[in-house]
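Q: According to the working numbering, the stretch in the sequence shown is residues 9 to 218, in order.
Built from N, CA and C at the ideal position, the CB exists for glycine as well.
As the structure is a computational prediction, the values presented were derived from the model and not from experiment.
Please see the structure below; I have some questions.
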Amino acid sequence: MNIILLGAPGAGKGTQAAIICKRLQIPTISTGNIIRAALKSGTEMGLKAKSYMDAGRLVPDEVVIGIIKERLSDDDCQGGFILDGFPRTIPQAEALDSMGIIIDKVIDIDVSDAEIISRLSGRRVCESCSDTYHVKYNPPVIENKCDKCNGTLVQRRDDHPNTVKDRLQVYHEQTEPLKGYYSKQGKLFVVKGEGDIDEITRLTLTAIEA
Ligand code: ADP
Ligand code: ADP
Ligand code: ZN
Numbered sequence: 009m010n011i012i013l014l015g016a017p018g019a020g021k022g023t024q025a026a027i028i029c030k031r032l033q034i035p036t037i038s039t040g041n042i043i044r045a046a047l048k049s050g051t052e053m054g055l056k057a058k059s060y061m062d063a064g065r066l067v068p069d070e071v072v073i074g075i076i077k078e079r080l081s082d083d084d085c086q087g088g089f090i091l092d093g094f095p096r097t098i099p100q101a102e103a104l105d106s107m108g109i110i111i112d113k114v115i116d117i118d119v120s121d122a123e124i125i126s127r128l129s130g131r132r133v134c135e136s137c138s139d140t141y142h143v144k145y146n147p148p149v150i151e152n153k154c155d156k157c158n159g160t161l162v163q164r165r166d167d168h169p170n171t172v173k174d175r176l177q178v179y180h181e182q183t184e185p186l187k188g189y190y191s192k193q194g195k196l197f198v199v200k201g202e203g204d205i206d207e208i209t210r211l212t213l214t215a216i217e218a
């Protein structure tokens, strides 16, 4: 099963992907995590992406399409995958189609802008393993420590309030049109993304299995 998780920044794509990929035994591919890892290890791609990311803008299509092309050709993706954060523009979706990749289901996790702003301001991520928490809604057992690996939790640079507004605008302008793109193909399922994390997982799995 080849699945896309769609939704605004902070909609809960990463949180849900982490749960669902274990249930379905398929890998999650997060372009955001791949880019942040490249940045951390100082590769040319990472450095090029940094200014876009910090400004809350999208990294150019050809860069992310290149990343995805390479990653989806790996052996572990041949039995299915979950895409978290890709595609984010119509040209990115068209690139998947022209690679001959068949997408089975697109799950849109629907969350209001007001909720997005409060989620992103409280989001914390593990420096070591990228696991995601929220200071209020999903706190770690020990303050600022990752439950899984005991790594330190930090706030992402692009989760600061000024950048969040720009990211939401980018989402509405460039990513939201993908809903129409996939709904025309009969692949779009909308899941209400506000409320209990386990309930959202249940709704998502129901949509995937439909
Ligand atoms: P979020 O978790 O808030 O949805 P991501 O971690 O997916 O954010 O992405 C963070 C940043 O990485 C984006 O704001 C953008 O700069 C870059 N990025 C990630 N995926 C893509 C993509 N598919 N196309 C362009 N830029 C991307
Ligand atoms: P995305 O990958 O779509 O950017 P995340 O999975 O990183 O979103 O979630 C954004 C923030 O919201 C994180 O701090 C996460 O812990 C929190 N979060 C995720 N799902 C929920 C939910 N259903 N209710 C409240 N907070 C949530
Ligand atoms: Zn960790």
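So, for Val149: in the same chain, excluding its five sequence neighbours on each side, which residues have a beta-carbon less than 8 Å away from its beta-carbon?
A: The answer, listed in chain order, is Asp155.
Q: Ile205: which of Met9, Ser38, Asn10, Ile27 sits nearest, CA to CA?
A: Selected option, being the one with the closest Cα: Ile27.
Q: Count the CB pairs spanning the stretch 109 to 128 and the stretch 9 to 19 that are closer than 8 Å, and state whether there are at least three.
A: As far as the Cβ criterion goes, the stretch 109 to 128 touches the stretch 9 to 19, which means the pair count is three or higher.
Q: Any residue with its Cβ nearer than 6 Å to a heavy atom of ligand 3 should be included. What is that list in chain order?
A: Here the list is Cys134, Ser136, Cys137, Asp139, Cys154, Lys156, Cys157, Gly159.
Q: Can you give me the start and stop residues for the beta strand (DSSP E) that Cys134 sits inside?
A: Run containing Cys134: 131 to 134, per the beta strand (DSSP E) assignment.
Q: Here's a check: name, in chain order, each residue in its chain whose Cβ is nearer than 6 Å to the Cβ of Asp174, leaving out the five neighbours to either side.
A: Gly64, listed in sequence order.
Q: I'd like to check one pair, Gly88 with Ile34: are the Cβ atoms closer than 7 Å?
A: Their beta carbons are under 7 Å apart, which means Ile34 touches Gly88 by this criterion.
Q: Taking one C-beta from the stretch 104 to 117 and one from the stretch 41 to 50 each time, how about it: are there three or more such pairs within less than 8 Å?
A: No contact exists between the stretch 104 to 117 and the stretch 41 to 50.
Q: Considering only residues of the same chain and omitting the five flanking positions on each side of Lys48, which have a CB-CB separation below 6 Å?
A: Contacts found: none.
Q: Excluding sequence positions up to five away, which residues of its chain have a Cβ less than 6 Å from the Cβ of Leu211?
A: The residues are Val199.
Q: Confirm, please, whether the CB-CB distance from Thr36 to Ile109 is below 7 Å.
A: Against a cut-off of 7 Å, the Cβ pair of Thr36 and Ile109 comes out as no contact.
Q: Which parts of the stretch 73 to 113 are runs of the beta strand (DSSP E), unbroken and 3 residues or longer, counting only runs that do not cross its ends?
A: Qualifying beta strand (DSSP E) stretches, in chain order: 89 to 92.
Q: Skipping 5 residues on each side, what residues in its chain have a beta carbon closer than 7 Å to that of Ile7?
A: The structure shown has nothing for residue 7, since the chain only spans 9 to 218.
Q: Out of Glu217, Leu213, Ala218, point me to the one whose CA is closest to Gln24's CA.
A: Closest option to Gln24, Cα to Cα, is Leu213.
Q: Just list the residues that DSSP pairs Thr36 with in beta bridges.
A: DSSP output for Thr36 lists Ile90 as bridge partner(s).
Q: Measuring straight from C-alpha to C-alpha, what distance separates Leu104 and Leu128?
A: One C-alpha to the other measures close to 28 Å.
Q: Can you grab the Cα-Cα spacing for the pair Met61 / Val67, in whole Å?
A: Spanning the two alpha carbons is a distance of roughly 7 Å.
Q: Classify Ser204 as helix, strand or coil using the three-state DSSP reduction.
A: It is Asp, not Ser, that sits at residue 204 in the sequence shown. Reduced to three states, the DSSP call for Asp204 is coil.
Q: Can Thr36 be considered in contact with ligand 5, in the sense that its beta carbon sits closer than 6 Å to one or more heavy atoms?
A: Among the ligands present in this structure, namely ligand 1, ligand 2 and ligand 3, ligand 5 is not found.
Q: Quick one: what's got a C-beta closer than 8 Å to Lys153's C-beta in the same chain, skipping five residues either side?
A: So the list reads Gly159, Thr160, Leu161, once near-sequence residues are dropped.
Q: For a test of the three-state rule: what should DSSP assign to His142, helix, strand or coil?
A: Looking at His142 - three-state DSSP - the assignment turns out to be strand.
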